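There are 2 protein chains.
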Amino acid sequence: MLISTRGEYGLRAMMVLAEEFNAGPVPLRQIAQKEHLSEQYLEHLFRDLRTKELVTSFRGAKGGYKLSRPPSDITVGDVLWALEGSLAPMQCVAVDEEAVCRHRDGCSTRFVWQKLKVAMDEVLDTTTLADILARASKE
Amino acid sequence: MLISTRGEYGLRAMMVLAEEFNAGPVPLRQIAQKEHLSEQYLEHLFRDLRTKELVTSFRGAKGGYKLSRPPSDITVGDVLWALEGSLAPMQCVAVDEEAVCRHRDGCSTRFVWQKLKVAMDEVLDTTTLADILARASKE
DNA sequence: AAAATACCCTAGTCTTTTACTCGGGATTAT
DNA sequence: ATAATCCCGAGTAAAAGACTAGGGTATTTT
Chain A
193 MLISTRGEYG LRAMMVLAEE FNAGPVPLRQ IAQKEHLSEQ YLEHLFRDLR TKELVTSFRG
253 AKGGYKLSRP PSDITVGDVL WALEGSLAPM QCVAVDEEAV CRHRDGCSTR FVWQKLKVAM
313 DEVLDTTTLA DILARASKE
Chain B
193 MLISTRGEYG LRAMMVLAEE FNAGPVPLRQ IAQKEHLSEQ YLEHLFRDLR TKELVTSFRG
253 AKGGYKLSRP PSDITVGDVL WALEGSLAPM QCVAVDEEAV CRHRDGCSTR FVWQKLKVAM
313 DEVLDTTTLA DILARASKE
């Protein structure tokens with residue numbers, strides 16, 4: 193499976209923040225309850241989301257998290273990349289890796305992985321949280 | 193990573209058979225040497241490829257494997273599906289699973305996973321071994 | 001000032017998956 | 001007969017995944 197619980201829970205949590213974007217910060221406990229997730233596990237995910245500057249945190253009573261940018265400015269790819277690392281189908285086409293094919297010269301299969309990655313990135317980079325929101329409210 | 197060594201090695205091995213499609217059967221040892229893979233590990237992969245009827249086996253001396261169909265009739269998706277099982281980005285959009293979302297009603301993120309799957313399937317189902325072969329010989 | 005709320009951080013642990021290896025058996029060409 | 005080859009069921013070591021434990025620190029409300 194391409195997406196682990198990190199990406200799954202993380203995106204779900206980000207959608208809660210997207211819904212509440214115009215309200216105050218949302219505490220993790222509230223997100224955890226709404227989505228039936230572990231609050232402790234969410235903390236780990238939100239650390240990564242914060243360092244990648246996708247969310248802003250507010251400490252203390254009445255604290256919580258807010259999206260750093262409007263939902264229309266955050267793509268699914270932004271979120272998943274922050275939580276899962278590279279989403280390439282194979283190491284040899286991952287951005288953060290040296291594009292080294294350790295097998296025979298001119299590895300013919302590599303171009304398939306590259307095509308796959310392009311197709312995946314297209315969806316990930318063009319779908320924003322606002323798009324999901326719009327889609328959800330229609331149903 | 194979406195693709196494990198099963199899919200990676202398996203597709204590579206299938207390409208060797210594709211190149212040799214008009215010759216006699218190719219023994220695993222030869223594939224293993226050419227691609228620097230473990231022969232024993234390949235045996236496991238070929239068991240699956242055989243039961244999915246992508247390759248035909250010939251026992252005994254001078255035996256080996258052949259593609260069951262011409263390279264233009266075998267897609268990358270056929271091979272990967274045989275070796276990796278479902279290639280969906282998430283369980284909830286995998287074909288062999290009940291499409292059950294165990295979280296809150298109308299899970300809004302599901303449509304993203306579905307879009308992703310469609311984009312991936314498009315590549316996997318339209319790229320054949322012959323396409324890879326053609327691409328490789330051009331370089 | 002104190003209590004409550006909430007984020008922040010480092011470990012550790014249990015389970016599952018991955019990536020194989022081992023050792024044998026069956027079949028066929030020579 | 002013998003060598004080459006496919007066939008098969010176990011087992012295993014390492015890595016990844018999915019968390020939990022438990023402390024700390026900052027902020028706000030009262």
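Sequence order for the protein chains is A and B.
At position 24 of the first sequence the residue is numbered 216 (the working numbering), and the sequence of numbers has no breaks.
At position 75 of the second sequence the residue is numbered 267 (the working numbering), and the sequence of numbers has no breaks.
For every residue, glycine included, the Cβ atom is placed at its ideal position computed from N, Cα and C.
Every value quoted in this text rests on a predicted model; they were computed, and no experiment measured them.
For residue i, three-class secondary structure by DSSP
i                 : result
VAL140 of chain A : Given a span of 193 to 331 for chain A in the structure shown, any question on residue 140 of chain A remains unanswerable.
LYS244 of chain A : coil
SER249 of chain A : strand
THR320 of chain A : strand
THR197 of chain B : helix
SER278 of chain B : coil
LEU229 of chain A : coil
Residue j beta carbon less than 8 Å from that of residue i
i                 : j                 : result
VAL268 of chain A : LEU203 of chain A : yes
LEU275 of chain A : GLY199 of chain A : yes
TYR257 of chain B : SER264 of chain B : no
ILE324 of chain B : THR301 of chain A : yes
PHE303 of chain B : PRO262 of chain B : no
Paired residues, beta bridge with residue i - DSSP
i                 : result
GLY256 of chain A : A:PHE250
VAL310 of chain B : Answer is none; VAL310 of chain B lacks a bridge partner.
VAL218 of chain A : A:TYR257
THR267 of chain A : A:THR320
Chain-order list of residues whose beta-carbon lies under 6 Å from that of residue i (same chain, five-residue window excluded)
i                 : result
TRP305 of chain A : PRO281, MET282, VAL285
LEU241 of chain A : VAL247, ALA274
ILE195 of chain A : none
Sequence-distant residues of its chain with Cβ nearer than 7 Å to residue i (five each side left out)
i                 : result
LEU209 of chain B : VAL218, VAL247, TYR257, LYS258, LEU259
PHE238 of chain B : LEU220, VAL247, TYR257
Residues of its chain near residue i, where Cβ-Cβ distance is below 8 Å and the 5 sequence neighbours each way are ignored
i                 : result
MET206 of chain A : LEU241, LEU246, VAL247, LEU259, ILE266, VAL271, LEU321
LYS254 of chain A : GLY216, PRO217
GLU227 of chain B : TYR201, ARG204, ALA205, VAL208
Taking three-plus beta-carbon pairs below 8 Å as touching, is the stretch 215-225 of chain B in contact with the stretch 308-323 of chain A? No, because fewer than three Cβ pairs between the stretch 215-225 of chain B and the stretch 308-323 of chain A fall closer than 8 Å, the two stretches do not touch.
Are there three or more Cβ pairs, one per stretch, closer than 8 Å when the stretch 305-312 of chain B is compared with the stretch 271-282 of chain B? Result yes; three or more Cβ-Cβ pairs closer than 8 Å.
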